[in-house]
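To keep things clear, I will list the structure first and then write my remarks on it.
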Amino acid sequence: MNERRKPYPFDRIEPKWQTLWDERRAFHALNPGEENFDPAKPKYYVLDMFPYPSGAGLHVGHPEGYTATDIIARYKRLRGFNVLHPMGWDAFGLPAEQYAIKTGQHPVITTRENVAKFKTQLKRIGFSYDWEREVNTTDPNYYKWTQWIFLQIYNSWVNPETKKAEPISTYRGNDPDNVRLAYVAEVPVNWCQELGTVLANEEVIDGKSEVGGFPVVRRPMRQWMLRITAFADRLLDELKGLDWPDSIKALQRNWIGRSKGAEIDFPIDRGMGFQPMSHRQDADATIRVFTTRPDTLYGATYMVLAPENPLVDQITTEEHRGSISQYRTTIAAKSDLERTDLAKEKTGAFTGAFAINPANHERIPIWIADYVLMGYGTGAIMGVPAHDERDLEFARKFDLQIIPVVQAPGKTPEESIGYLEVGIAINSPLLNGLSHVEATTKIIDWLEQNGHGRRDIRYKLRDWLFSRQRYWGEPFPVIWRNGKHEALAESELPLEPPALEDFKPTGTGEPPLAKAKDWIRYSEDAVRETNTMPQWAGSCWYYLRFCDPQNDRRFVGEEPERYWMGDSIADRPGGVDLYIGGVEHAVLHLLYARFWHKVLFDFGYLSKPEPFQRLVNQGMILGEDGRKMSKRWGNVIDPLDVIEIYGADAFRCYEMFMGPLEQMKPWSMKGVEGVSRFLARVWRLIMEENQAGEWILSGEVEEVVPDKSPLKILHATIKKVTGDIETLSFNTAISQMMILVNALTNAPKKSVPAFRTLLLLLNPFAPHLTSELWQTLAEKFPGGADDIMAQRWPEYDETLLVEDEIEIVLQVNGKLRDKITVALDATNAETEAAALANKKVQNAVGGQAIRKVVVVPKKLVNVVTG
RNA sequence: GCCGAUGUGGCGAAAUGGCAGACGCAACGGACUUAAAAUCCGUUUCCGGUAACCCGGAGUAUGGGUUCGAAUCCCAUCAUCGGCACCA
């Protein structure tokens with residue numbers, strides 16, 4: 002019947018302070034121009050990846066990154082920064098829509114409920130978000146600007162000379178729709194019958210949908226695309242100036258996949274042998290390939306087209322039509338999964354046609370095979386079996402000629418077959434004896450001079466498939482008239498989706514919005530676009546909206562943008578100072594957001610070319626059983642359950658004490674208990690229980706300077722905690738504070754100044770406890786103001802950290818033998834003499850001759866013998 | 001296959017060229033208590049020795065190397081996790 006006794010009254014303190022903070026608008030960040038705004042303060046923008054508010058609520062994994070950013074935010078405020086620390090909701094998306102399909106509950110309702118639940122949880126953890134800046138991607142006042150940004154993208158193109166986005170009006174060609182950054186294309190898409198929608202490549206995993214795991218097939222459909230490939234170079238090159246983990250940069254580089262090489266044209270042989278360009282009857286009859294190894298051109302003994310390549314129909318000879326068509330049918334029937342199965346044998350079919358190798362005028366056969374992909378390069382390759390693993394396998398299987406053209410070091414030409422690295426050119430009249438670099442330059446120059454090819458760069462990155470056949474997303478601000486698309490005027494935004502009762506997919510690939518007949522009909526001769534935008538759209542720019550969330554004239558005001566997203570450190574390209582989130586967004590969200598940012602930057606709306614200067618990925622928190630937290634294993638932990646027993650401060654501290662932020666680590670309730678004991682020790686350091694069982698300020702607390710030893714630990718702790726917060730090493734910061742608290746507990750004096758410093762250091766981690774204790778101390782000892790948040794972060798005194806005596810480690814041959822203490826000012830010679838006089842050292846040396854003595858001042862002596 | 005990360009006590013971890021295992025958990029012992037909880041104090045890498053203060057040896061995935069000295073730097077191997085994957 003009696004509740005379990007709390008180690009300290011967090012259940013009273015925490016709600017008290019949370020209410021006070023709300024009432025005082027304690028975390029509201031002021032924009033330039035607002036009353037009380039202090040322009041002398043530097044800004045700090047610390048951002049979390051905002052969540053999708055699911056029905057399940059938060060589990061303990063979510064607040065890991067949020068706690069880290071909250072500590073930084075509170076720390077920076079104490080250091081005198083004007084801190085922007087906002088939170089919002091990425092609330093468009095499939096789960097709410099599927100819930101609507103099942104229950105008929107409108108996603109607006111579900112979203113509102115889920116957001117309320119998430120917000121309650123976040124508030125109960127005591128995060129210092131500026132809730133007056135809350136944004137929600139499904140709010141018309143927000144997506145009005147998502148649609149507006151889409152229109153900017155739609156109305157722009159990349160000028161190849163400046164490589165920058167410009168208004169489409171500067172384009173001088175005759176078909177602007179061909180160069181717009183948003184365009185419509187008939188593309189093979191990932192169609193998921195079960196979800197009734199297409200998916201982006203990134204949302205398909207092993208031939209199945211990322212959401213739900215349903216089968217996905219290829220199917221051509223008319224889709225909106227965003228021309229992200231026009232920014233491939235900048236997205237790659239501008240990673241350099243960002244403080245991101247190298248692994249994330251590597252993932253993005255890999256995803257963009259830039260390859261330097263050459264385009265080469267192979268004339269199709271019409272039985273007349275090789276003809277110089279000018280004499281050719283049919284100048285179009287060439288096969289263009291892309292290769293990263295033009296230096297191996299003399300080794301190209303055959304060509305392969307992708308089975309889907311339209312050229313196949315033109316070149317296939319009468320005799321081979323049957324077998325070619327049969328092969329293409331088998332390939333078309335295969336799923337993506339089967340096609341990309343690496344283990345399988347090479348397959349292919351001969352077209353009967355031949356091409357001419359422009360280098361040596363050899364007549365080489367043209368095949369089709371599914372190991373050549375239509376979607377990369379030109380959908381055709383030159384086969385160089387001697388120096389390409391796949392080509393070699395293919396040539397051996399179909400008995401095609403193999404000519405080595407690069408010599409492996411120390412090997413004969415014959416042995417160099419299968420050598421994939423670079424080397425000296427052989428069997429290549431124009432290139433013999435040249436190194437890879439020389440040969441590559443020479444052959445490309447030759448190709449360019451003779452009109453057979455040119456330098457070229459290709460990317461793995463594809464344009465972004467931007468439309469979805471869904472209800473719960475931003476409608477496109479676009480109408481169709483006479484088969485052509487037109488942008489809506491800005492004045493017509495926001496374009497809200499129609500009210501629908503039936504959210505089910507139509508099943509035909511036509512979006513659910515097509516069911517709203519009245520809504521679609523825009524005018525006598527125009528209809529609305531019925532696709533919606535993908536969930537990534539809203540998250541591409543939310544960090545900008547946080548700077549100025551209520552602005553109804555612009556997506557973000559100029560001045561707030563310049564203040565929060567710019568800064569005085571000129572050579573930093575990014576705006577947000579610290580961005581923490583899951584590694585699962587390493588390529589998609591982070592690449593898309595960078596892309597939008599660059600478009601808006603080119604148009605002069607933004608101060609910096611990159612959105613996020615410093616990025617950190619928090620590691621996943623596993624269940625107590627070491628498995629990923631999921632309903633399936635029944636190992637999900639709700640933060641509110643933990644807070645109920647141990648309090649929010651203990652929850653926060655434990656999340657940070659578990660281990661390094663970036664690392665994956667398992668949850669442990671016992672661990673929370675340990676951290677909770679630490680906080681209770683802090684409490685009892687300052688408070689005691691009176692006869693009536695009430696907590697009152699301890700009578701021993703006095704306004705005195707601490708003794709030397711605790712004072713030294715105190716200053717060592719200021720130094721360590723400050724440094725650790727800057728590097729996000731929160732686990733070791735907490736360890737150090739535990740050491741301090743142990744020392745203060747054992748110290749004879751209960752020193753108010755020491756306690757104040759401790760409370761300040763601990764405040765970002767355990768804000769409720771430290772606020773309460775600070776206030777209690779202030780009531781009796783009026784030295785400090787009664788609000789801990791109005792204080793300055795403590796500084797340490799280096800002179801207090803110096804030792805007067807130093808412990809020196811004695812080693813013999815690198816092995817520890819003893820420790821001695823020497824005076825601070827002992828010379829190397831004195832230290833060495835003391836070491837050699839040491840009995841244990843002498844024992845270990847035995848009778849052996851001393852060859853060398855290494856003295857590291859203030860650290861150790863190593864005696865090397867024999 | 002390619003790219004990246006990780007590998008240290010019973011467990012989470014610390015130490016990034018100089019005392020391996022800070023801090024915490026768990027376990028064990030002690031104090032307080034009629035008792036328990038809570039709290040406080042102590043022990044706790046492994047092996048061997050000693051009545052004992054202690055003494056000796058080994059030890060950071062494995063094998064080599066650099067160095068007076070390596071968990072830390074280099075080379076190779078193995079394992080686990082993540083990403084990409086017939087990208088020409």
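Using the numbering used here, the first residue of the first sequence is number 2, and each one after it goes up by one.
Backbone N, C-alpha and C fix where the C-beta goes; we use that ideal spot for every residue, glycine too.
Predicted, not measured: the structure shown is a model, and the values here were computed from it.
For residue 778 and residue 45, the rounded distance between their alpha carbons
By 1-based counting over the first sequence, the position of residue 45 is 44. By 1-based counting over the first sequence, the position of residue 778 is 777. So the alpha carbons of these two residues sit roughly 30 Å apart.
Whole angstroms is fine: what's the gap from residue 329's alpha carbon to residue 426's?
Taking the first residue of the first sequence as position 1, residue 329 is located at position 328. Taking the first residue of the first sequence as position 1, residue 426 is located at position 425. Each residue's Cα considered, the two are about 37 Å apart.
Would you say the segment 53-73 touches the segment 13-26, given that touching needs at least three Cβ pairs under 8 Å?
no
Count the other C-beta atoms from every protein chain shown that fall within 10 angstroms of the C-beta of residue 863, then say buried if there are 16 or more, exposed otherwise.
Residue numbering aside, residue 863 sits at position 862 when the first sequence is read from its first letter. Answer is buried; the Cβ neighbour count reaches 16.
With burial defined as no fewer than 16 other Cβ atoms inside 10 Å of the residue's Cβ, what is the status of residue 79: buried or exposed?
Residue mapping note: residue 79 aligns to position 78 of the first sequence, counting from 1. So residue 79 ends up on the buried side.
Who are the Cβ neighbours of residue 598 in its own chain at under 6 Å, not counting the five residues just before and after it?
In the first sequence, the residue the question calls residue 598 occupies position 597. 612, listed in sequence order.
Where does residue 805 fall in DSSP's three states?
Looking up residue 805 in the first sequence gives position 804. Coil, per DSSP.
Would you identify the three-state DSSP class for residue 436, choosing helix, strand or coil?
If you number the first sequence from 1, residue 436 lands on position 435. Coil at residue 436, not helix or strand.
The ligand ZN and residue 523: does the residue's C-beta get closer than 7 Å to at least one heavy atom of that ligand?
Among the components modelled here there is no ligand, and therefore nothing to report on the ligand ZN.
Give me whichever residues DSSP pairs with residue 666 in a beta bridge.
The count along the first sequence starts at 1 and reaches residue 666 at position 665. 622.
Can you find the residues in the same chain that come closer than 8 Å, C-beta to C-beta, to residue 82, ignoring five residues on each side of it along the sequence?
Taking the first sequence and counting its residues from 1, the one referred to as residue 82 is at position 81. Excluding positions up to five away in sequence, the list reads 42, 43, 44 and 45.
DSSP bridge partner residues for residue 291 (one or two, in chain order)
For the purposes of this step, residue 291 is taken as the residue at position 290 of the first sequence. In the DSSP output, where bridge partners are listed per residue, residue 291 has 264.
Range covered by the alpha helix (DSSP H) that runs through residue 312:
Against the first sequence, residue 312 aligns to sequence position 311. First-last of the alpha helix (DSSP H) with residue 312: 312-316.
Report yes if the CB atom of residue 123 is closer than 8 Å to the CB atom of residue 88, and no otherwise.
For the purposes of this step, residue 123 is identified with residue 122 of the first sequence, where counting begins at 1. For the purposes of this step, residue 88 is identified with residue 87 of the first sequence, where counting begins at 1. Yes, these two residues count as a Cβ contact at 8 Å.
May I ask which residues mark the beginning and end of the alpha helix (DSSP H) holding residue 711?
One-based indexing of the first sequence puts residue 711 at position 710. Element bounds for residue 711: 709-727.
Helix, strand or coil: which one does DSSP assign to residue 386?
On the first sequence, position 385 is the one that residue 386 refers to. It is helical.
Would the beta-carbon of residue 521 fall within 8 Å of that of residue 263?
As a working mapping, residue 521 is identified with position 520 in the first sequence. As a working mapping, residue 263 is identified with position 262 in the first sequence. No, Cβ-Cβ distance for residue 521 and residue 263 is not below 8 Å.
Just the C-alpha distance for residue 177 and residue 152, rounded to the nearest angstrom, thanks.
Counting from 1 along the first sequence, the entry for residue 177 is found at position 176. Counting from 1 along the first sequence, the entry for residue 152 is found at position 151. The alpha-carbon atoms of residue 177 and residue 152 are separated by roughly 15 Å.
Put residue 330 into one of helix, strand or coil per three-state DSSP.
Within the first sequence, numbered from 1, the residue matching residue 330 stands at position 329. Helix.
Sequence-distant residues of the same chain with beta carbon closer than 7 Å to residue 824, five excluded per side
As a position in the first sequence, residue 824 is number 823, starting the count at 1. Same-chain partners within the cutoff: 806.
By how many angstroms is the C-alpha of residue 35 removed from the C-alpha of residue 747?
As a working mapping, residue 747 is identified with position 746 in the first sequence. As a working mapping, residue 35 is identified with position 34 in the first sequence. Going from the Cα of residue 747 to the Cα of residue 35 covers about 49 Å.
How far does the beta strand (DSSP E) with residue 551 in it extend, from its first residue to its last?
Taking the first sequence and counting its residues from 1, one reaches residue 551 at position 550. Run containing residue 551: none; DSSP gives neither H nor E here.
Between the segment 210-226 and the segment 185-197, do three or more beta carbon pairs fall short of 8 Å?
yes
Exposed or buried, residue 794, counting other C-beta atoms within 10 Å across all chains shown (16 or more means buried)?
Residue numbering aside, residue 794 sits at position 793 when the first sequence is read from its first letter. Classification for residue 794: buried.
Alpha helix (DSSP H) segments (min. 4 residues) lying fully within the segment 348-376:
none
Closest by CA to residue 476, which one among 449, 513 and 716?
Here residue 476 refers to the residue found at position 475 of the first sequence. Residue 513 is the option with its Cα nearest to residue 476.
Segment limits, alpha helix (DSSP H) that includes residue 539
Reading the first sequence from its first residue, position 538 is the one you call residue 539. Residue 539 -> alpha helix (DSSP H) spans 537-540.
To the nearest angstrom, report how far apart residue 357 and residue 363 are at their CA atoms.
Numbered from its first residue, the first sequence carries residue 357 at position 356. Numbered from its first residue, the first sequence carries residue 363 at position 362. Going by the C-alpha atoms only, they are around 6 Å apart.
Where do the N-terminal and C-terminal ends of the alpha helix (DSSP H) with residue 120 fall, by residue?
As a first step, residue 120 is located in the first sequence; it is residue number 119 there, counting from the start. 108-125 is the span of the alpha helix (DSSP H), which, as asked, contains residue 120.
Going by CA-CA distance only, name the one from 691, 859, 749 and 137 that's closest to residue 53.
For the purposes of this step, residue 53 is taken as residue 52 along the first sequence, with counting starting at 1. Nearest C-alpha to residue 53: 137.
The segment 653-672 contacting the segment 693-707, beta-carbon criterion three pairs below 8 Å:
no
Using beta-carbon positions only, say whether residue 387 and residue 373 come within less than 8 Å of one another.
Start at 1 with the first residue of the first sequence, and residue 387 comes out as number 386. Start at 1 with the first residue of the first sequence, and residue 373 comes out as number 372. Cβ distance not < 8 Å, so residue 387 and residue 373 don't count as in contact.
Among the candidates 431, 242, 419 and 416, whose CA atom is the shortest distance from the CA of residue 360?
To locate residue 360, count along the first sequence from 1; it is residue 359. It is 431.
Who are residue 685's beta bridge partners in DSSP?
Numbered from 1 along the first sequence, position 684 holds the residue referred to as residue 685. Answer is none; residue 685 lacks a bridge partner.
Taking just the CA atoms, how far does residue 731 sit from residue 465?
Locating residue 465 in the first sequence gives position 464, where the first residue counts as 1. Locating residue 731 in the first sequence gives position 730, where the first residue counts as 1. Each residue's alpha carbon lies about 38 Å from the other.
Between which two residues does the alpha helix (DSSP H) harbouring residue 598 extend?
For the purposes of this step, residue 598 is taken as the residue at position 597 of the first sequence. Taken as a continuous stretch (DSSP letters only), the alpha helix (DSSP H) holding residue 598 covers 589-603.
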